[in-house]
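Counting from 533, one number per residue, gives the positions in the sequence shown under my numbering.
Glycine included, each C-beta is placed from N, C-alpha and C at the ideal position.
Written out below as structure tokens is the structure these notes cover.
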Amino acid sequence: ANLGGGAEQLIAMDMDRPGLCESVLSDIRHQQVPSVPKATGLLVLILNIFLPGTGSILAGLQANSSATVFIGVVQFFLFGLLLGWIWSIWWGILIYNKSKYHEAVLLGISIYSQQ
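This is the structure:
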């Protein structure tokens, strides 16, 4: 059946886009965290220390990253095993460190370039 050019392109784009599971695994593997403003980054770190996962959820909501929100929920539920708490603190540190360069990220400037 011919769906029409637009519908076929839309289906092809959706098939190429990774699902939530692939996004979560990729973010964890590459320690890829969202970019948030510096003040939010500090809040995320503090929340992740005292209420594991909540800071990650906040960062994910602000950056529109469903993978980061999901990671925050998993961190919250793994808190009792200590693994979630350690992971949450580490993720908070990564988010805070990236938040220091939020404006550069928004402008597309590499934070790793040497001048």
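- A direct Cα-Cα distance of roughly 7 Å separates Ile589 from Phe602.
- By a beta-carbon distance limit of 8 Å, Trp617 contacts Pro584. Their separation comes to about 5 Å.
- Shown here, Gln564 sits in coil according to DSSP, grouped into three states, outside any helix or strand.
- Segment contact: the stretch 561-571 against the stretch 625-637, three or more CB-CB distances shorter than 8 Å; contact assigned.
- With contacts defined by Cβ atoms closer than 8 Å, Leu575 and Gly587 form a contacting pair.
- In this structure, Asn580 and Gly624 form a Cβ contact; the two beta carbons are roughly 3 Å apart against a cut-off of 8 Å.
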